[in-house]
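What follows is a single structure, written as structure tokens, with notes after it.
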Amino acid sequence: MNANDDNPAAGFTRSGLADIDRLMRDYVSAGKSAGMLTLVSRHGQIAQLSCRGKADIASGRPIRPDTMFRIYSMTKPITSVALMTLLERGHLELDDAAKRWIPALAKLEVYRQGKLESDITIRQLLTHTAGFSYGFLPEQYPVDELYAEVWRGRIQDQTLEQLLQTLFEFPLVAQPGTLWNYSIATDICGYLIELISDMPLADYLQRTIFDPLEMIDTAFEVSADKIERFATLYGYRADDPLAQLESNDTSPFISAISGIPVRLQSGGGGLVSTAADYWRFAQMMLNGGSLDGRRIIEADTVAAMTRNQVSENLLPLSFNGVAPGAFSGYGFGLGYCINMDPANTAAAGSRGDFGWGGMADTYCWVDPERQLVAILMQQYLPSLQHAGRLDFRNAVYRALD
Numbered sequence: 004m005n006a007n008d009d010n011p012a013a014g015f016t017r018s019g020l021a022d023i024d025r026l027m028r029d030y031v032s033a034g035k036s037a038g039m040l041t042l043v044s045r046h047g048q049i050a051q052l053s054c055r056g057k058a059d060i061a062s063g064r065p066i067r068p069d070t071m072f073r074i075y076s077m078t079k080p081i082t083s084v085a086l087m088t089l090l091e092r093g094h095l096e097l098d099d100a101a102k103r104w105i106p107a108l109a110k111l112e113v114y115r116q117g118k119l120e121s122d123i124t125i126r127q128l129l130t131h132t133a134g135f136s137y138g139f140l141p142e143q144y145p146v147d148e149l150y151a152e153v154w155r156g157r158i159q160d161q162t163l164e165q166l167l168q169t170l171f172e173f174p175l176v177a178q179p180g181t182l183w184n185y186s187i188a189t190d191i192c193g194y195l196i197e198l199i200s201d202m203p204l205a206d207y208l209q210r211t212i213f214d215p216l217e218m219i220d221t222a223f224e225v226s227a228d229k230i231e232r233f234a235t236l237y238g239y240r241a242d243d244p245l246a247q248l249e250s251n252d253t254s255p256f257i258s259a260i261s262g263i264p265v266r267l268q269s270g271g272g273g274l275v276s277t278a279a280d281y282w283r284f285a286q287m288m289l290n291g292g293s294l295d296g297r298r299i300i301e302a303d304t305v306a307a308m309t310r311n312q313v314s315e316n317l318l319p320l321s322f323n324g325v326a327p328g329a330f331s332g333y334g335f336g337l338g339y340c341i342n343m344d345p346a347n348t349a350a351a352g353s354r355g356d357f358g359w360g361g362m363a364d365t366y367c368w369v370d371p372e373r374q375l376v377a378i379l380m381q382q383y384l385p386s387l388q389h390a391g392r393l394d395f396r397n398a399v400y401r402a403l404d
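Each residue of the sequence shown is one higher than the one before, starting from 4 at the first, in this note's numbering.
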């Protein structure tokens, strides 16, 4: 992966790429981020990979092309692709009842409604319409406080199975198929992968995605030899807009220092990665499921994942009051947010572009119409505290030649 802003095939103007870099510099200078990395490509060629600011403020360690980031919910598209490989191999269908593998799902009840009126399906899990919730977003439903209490503990000390056993004790916020609600559903998808493949989620992802795509820095933990490449997590506090929230000594992603094994393999938010690795995954999706002659999933599967799968009566997508209007014009596919109406979205884009972001304000989207991949990496909480994602999107489209 080589950046090349002199190749006209890359399809960006020099001035436009300079504006993207300037945007990052301004965000860092204003104290809105400790450090940022942006990557943009067209037609499979990297036009720009730019780094600004610090991976760690205290040590002065800069953001570099090989800096590793907590990608949190950018894990979800990877897990979703992995589950779809099992569908392609005949192990499941989208409208199968998930209770076939997880009997506990049949015993769930719905808050203030009682028993389930229908089974939870694989499709509903992939589209966040199964009725589950999260709890770390502003609480809209009484059930969310139950989730929030779990997140206040040390969930990383549990296995995925143990975590889900706890969460399955909580009622759903809605009947399956009646509400789009961002949720733990992709973690359930990860658990399904473990049950169906009979191997840990990490091993299945390594075998089916990371090894074939040569994603050498993507994993559920940071190995000892890579700790110095791992960016520090910062966030907003009233007395410090760049407060350090996590150190390597306490990070749940590093067992080499703490001595505490990384037990939780979260398919919904547990991976660390680099821009280079994630670009290879995103470019594979743009290519219709293959990269460098290695096919991960079929083109028809990519097409199904990247078109809206949510009923119109469940739109627009809503995140419990987070960034009102930010998802206007979007639908949701099988693990991805889908641009359905560019005229009504909050930032520039194309019909059919798809992507997703992470809790620490990382972001990636793919635009098939423009043959574009764009990635923003940083480590800042809360996500969407600043308008960096929208500003980055707009700057990328302004830079198109």
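Where is the CB? At the ideal position from N, CA and C, for every residue including glycine.
Do Arg-45 and Arg-373 come within 9 Å of each other at the CB atom, strictly closer than that value? yes
Apart from the five residues on each side of it in sequence, which residues of its chain come closer than 6 Å, Cβ to Cβ, to Ala-109? Lys-102
Starting from the Cα of Ile-49, find the closest Cα among Leu-170, Leu-20, Ala-188 and give me that residue. Leu-20
Measure how close the beta-carbons of Tyr-237 and Tyr-383 come, nearest whole angstrom, since I'm counting them as under 8 Å. 6 Å
Which first and last residues belong to the beta strand (DSSP E) in which Phe-357 is found? 357-360
For Gly-199, which residues of its own chain have a beta-carbon under 6 Å away from its beta-carbon, when the five flanking residues on both sides are left out? The question names Gly, yet the displayed sequence has Ile at residue 199. Within the same chain, Ile-199 has close Cβ partners Leu-89, His-94.
Using the three-state DSSP reduction, which class does Asp-404 fall into: helix, strand or coil? Coil.
Paired residues, beta bridge with Ala-65 - DSSP: Before going on, a small fix: residue 65 reads as Pro here, not Ala. Pro-65 is bridged to Lys-57.
Buried or exposed for Ile-263, please, with buried defined as at least 16 other CB atoms from any protein chain shown within 10 angstroms of its CB. Exposed, by the Cβ-count rule.
Hey, how far is the Cα of Ala-151 from the Cα of Thr-304? Spanning the two alpha carbons is a distance of roughly 34 Å.
Quick one: any contact between the segment 127-136 and the segment 199-217, if contact means 3 or more CB pairs under 8 Å? no
How about Leu-195 and Ile-123: do their beta carbons lie closer than 9 Å? no
Apart from the five residues just before and just after Asp-59, which ones in its own chain have a Cβ nearer than 6 Å to its Cβ? Thr-235
Residues in the same chain with beta-carbon distance under 7 Å from Asn-10, minus the five sequence neighbours each way, listed in chain order, please. With a pLDDT of 49 at Asn-10, under the threshold of 50, the modelled position of that residue is not reliable, and no figure is offered here.
Reducing DSSP to helix, strand and coil, say where Met-287 ends up. helix
I need the DSSP call for Gly-391, collapsed to helix, strand or coil. helix
Grouping DSSP H, G and I as helix and E and B as strand, with all else coil, what is Trp-368? Looking at Trp-368 - three-state DSSP - the assignment turns out to be strand.
Going by DSSP in three states, Tyr-383 sits in which element: helix, strand or coil? strand
What's the C-alpha gap between Ile-23 and Gln-381? 15 Å
Under the assumption that Gln-127 contacts Gly-180 (Cβ atoms under 8 Å), give the Cβ distance between them as a whole number of angstroms. 6 Å
Is the beta carbon of Val-113 closer than 9 Å to that of Gln-178? Closer than 9 Å, so yes.
Cβ neighbour criterion (16 or more within 10 Å) applied to Thr-211: buried
Could you check whether Ser-76 and Gly-391 sit closer than 9 Å to each other, using their CB atoms as the reference points? no
Between the C-alpha atoms of Gln-165 and Gly-334, what's the straight-line distance to the nearest angstrom? Their backbone Cα atoms lie some 32 Å apart in a straight line.
Is DSSP giving Thr-235 helix, strand or coil here? coil
Per-residue burial, Ala-285 [other beta carbons within 10 Å of its own, 16 or more giving buried]: buried
Pick from Pro-244, Asp-404, Arg-232, Leu-204 that is closest to Lys-79, judged by C-alpha positions: Leu-204
Can we say the segment 67-75 touches the segment 271-281, given the rule of at least three CB pairs closer than 8 Å? yes
Quick one: grab the DSSP three-state call for Leu-108. In the structure shown, the three-state DSSP call for Leu-108 is helix.
Assuming Leu-393 and Ala-350 are in contact, meaning their beta carbons sit under 8 Å apart, how far apart are those beta carbons, in whole angstroms? 4 Å
Does the distance from the C-beta atom of Ile-187 to that of Leu-208 stay below 9 Å? No.
To which residues of the same chain is Asp-404 closer than 6 Å at the C-beta, ignoring the five residues directly before and after it? Gly-14, Phe-15, Thr-16
Secondary structure at Pro-11, three-state DSSP: helix, strand or coil? Note that Pro-11 has pLDDT 46, beneath the 50 cutoff, so the model's placement of it is unreliable and the number below is only indicative. Three-state result, Pro-11: helix.
Determine the extent of the beta strand (DSSP E) in which Met-39 is found, giving its start and end residues. 38-45
Which residue spans inside the segment 195-247 form an unbroken alpha helix (DSSP H) run of at least 4? 204-208
How big is the Cα-Cα spacing for Phe-233 and Val-225? 7 Å
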